[in-house]
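J.: Here it is: the structure, laid out below.
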Amino acid sequence: MFKTRYDENTIRIKRKGVADRLVKESVNIKSTRITKISNGDLQILFRYYDQIFFDNWFENNFKGKFEFSLSRRMTRSAGITMCPKNISSLNPEQVKIEIRMGIDFFFKYDQLDGSKVVCGIETRNSLEALQIVFEHEICHAIEFIIHNKSNCHADRFKKLSNNLFGHTDSHHKMPTNRQIACAKFGINVGDKVDFIYDGKRINGIISGINKRAAVMVRNTKGAFVDKLGNRYVKYYVPVNCVQKPENPAK
Ligand SMILES: [Zn+2]
Numbered sequence: 341m342f343k344t345r346y347d348e349n350t351i352r353i354k355r356k357g358v359a360d361r362l363v364k365e366s367v368n369i370k371s372t373r374i375t376k377i378s379n380g381d382l383q384i385l386f387r388y389y390d391q392i393f394f395d396n397w398f399e400n401n402f403k404g405k406f407e408f409s410l411s412r413r414m415t416r417s418a419g420i421t422m423c424p425k426n427i428s429s430l431n432p433e434q435v436k437i438e439i440r441m442g443i444d445f446f447f448k449y450d451q452l453d454g455s456k457v458v459c460g461i462e463t464r465n466s467l468e469a470l471q472i473v474f475e476h477e478i479c480h481a482i483e484f485i486i487h488n489k490s491n492c493h494a495d496r497f498k499k500l501s502n503n504l505f506g507h508t509d510s511h512h513k514m515p516t517n518r519q520i521a522c523a524k525f526g527i528n529v530g531d532k533v534d535f536i537y538d539g540k541r542i543n544g545i546i547s548g549i550n551k552r553a554a555v556m557v558r559n560t561k562g563a564f565v566d567k568l569g570n571r572y573v574k575y576y577v578p579v580n581c582v583q584k585p586e587n588p589a590k
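According to this note's numbering, the sequence shown holds residues 341 to 590 in order.
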């Protein structure tokens, strides 16, 4: 079954077929732009991948259970697949594989212009991006089921994901919070910034950007110490509330 190799055109048609059915059946996803999504949508997505790409191989052969979940806290990777460490010693019925998708990537898809390449494929909309990340996770699931382990940096995985889905890379390159903050607010890690806290203007240096910017502020009582022995307190500040000083002190 997993020796199948689809050509580029077939993959495109099948992927579109999955998308069309999802949009038709889902109450949340009504176009190629994702603004709402539920676990159930991933379930639907999986069912149509199984039908359209795998001729119901999972349905007919996998005795275990699939679970799908969503996370708003995943910040680097847009999907993960989890399976029990002791999978090789379990009865097939006991195996539970969970695919979890980090949904912020897809909600924010349109916030940045420019090309968004996912697993080596140029995507045109957030639904397509979601599908390709999901395809990557399906390949992990296949490896877990057949080989009991999975590694997307190894050749076996690369071949599998290329044959089935035309992927040429294991990484999504969708905009991260950090890239969005950089493009929209002109801030980046290492920048000197100031912000208002308790009515006072405070300045510090950005040490990280996630949903908020982490700003290190000099303070003799701070818990963080740099190489020079300076102490800092870390503040988490919404990215739209930090400002770069007009004439940054060098
Ligand atoms: Zn992977």
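For every residue, glycine included, the Cβ atom is placed at its ideal position computed from N, Cα and C. Quantities reported herein were computed from a predicted structural model and do not represent experimental measurements.
Between which two residues does the beta strand (DSSP E) harbouring ALA494 extend?
T.: As a first step, residue 494 must be located in the sequence shown, where it is residue number 154. Taken as a continuous stretch (DSSP letters only), ALA494 belongs to no beta strand (DSSP E), as it is neither H nor E.
J.: If you follow the alpha helix (DSSP H) that ALA359 is in, where does it begin and where does it stop?
T.: Indexing the sequence shown from 1 puts residue 359 at position 19. Here the alpha helix (DSSP H) through ALA359 covers 348-365.
J.: What residues sit near ligand 1, counting only those whose C-beta is closer than 6 Å to one of its heavy atoms, in chain order?
T.: Here the list is HIS476, HIS480, CYS492, SER510.
J.: In the DSSP assignment, find the unbroken beta strand (DSSP E) run with ALA523 in it and report its ends.
T.: Reading the sequence shown from its first residue, position 183 is the one you call residue 523. Not the beta strand (DSSP E): ALA523 falls in the alpha helix (DSSP H), residues 517-525.
J.: If you run the structure through DSSP and keep just helix, strand and coil, what is LEU327?
T.: This structure gives no information on residue 327, because the portion of the chain shown stretches from 341 to 590.
J.: Kindly list the residues whose CB is nearer than 7 Å to the CB of TYR576, restricted to its own chain and excluding five residues on each side of it in sequence; keep chain order.
T.: Taking the sequence shown and counting its residues from 1, the one referred to as residue 576 is at position 236. The answer, listed in chain order, is ARG552, ALA554.
J.: Quick check on the DSSP output: what are the complete beta strand (DSSP E) runs of length 3 or more inside the segment 364-452, in order along the chain?
T.: Whole beta strand (DSSP E) segments, 3+ residues: 405-411, 419-422, 436-442.
J.: According to DSSP, is PHE474 part of a helix, a strand, or is it coil?
T.: Indexing the sequence shown from 1 puts residue 474 at position 134. DSSP places PHE474 in helix when its eight states are reduced to three.
J.: With burial defined as no fewer than 16 other Cβ atoms inside 10 Å of the residue's Cβ, what is the status of TYR572: buried or exposed?
T.: Working through the sequence shown from its first residue, we reach residue 572 at position 232. When all chains shown are included, TYR572 counts as buried.
J.: Taking just the CA atoms, how far does ASP531 sit from LYS590?
T.: On the sequence shown, residue 590 is found 250 positions in, with the first residue counted as 1. On the sequence shown, residue 531 is found 191 positions in, with the first residue counted as 1. Note that LYS590 scores a pLDDT of 48, beneath 50, so its modelled location is shaky; the value from the coordinates is reported in the next line. In a straight line, the C-alpha of LYS590 is about 11 Å away from that of ASP531.
J.: Around the C-beta of LYS456, are 16 or more other C-beta atoms found within 10 angstroms, so that it is buried, or is it exposed?
T.: Indexing the sequence shown from 1 puts residue 456 at position 116. Buried: at least 16 other Cβ atoms inside 10 Å.
J.: Just the Cα atoms here: how many angstroms apart are SER417 and GLY442?
T.: As a first step, residue 417 must be located in the sequence shown, where it is residue number 77. As a first step, residue 442 must be located in the sequence shown, where it is residue number 102. C-alpha separation (whole angstroms): 7 Å.
J.: Considering Cα atoms alone, identify which of ILE527, TYR537, ALA359 is closest to LYS370.
T.: Reading the sequence shown from its first residue, position 30 is the one you call residue 370. Closest by alpha carbon: ALA359.
J.: Relative to the alpha-carbon of ARG355, which residue among LEU410, TYR388, SER428 has its alpha-carbon at the smallest distance?
T.: Along the sequence shown, read from residue 1 onward, the residue named residue 355 stands at position 15. Measuring from the Cα of ARG355, the nearest candidate turns out to be TYR388.
J.: For ASN559, does the three-state DSSP call read helix, strand or coil?
T.: As a working mapping, residue 559 is identified with position 219 in the sequence shown. Here ASN559 sits in coil by DSSP.
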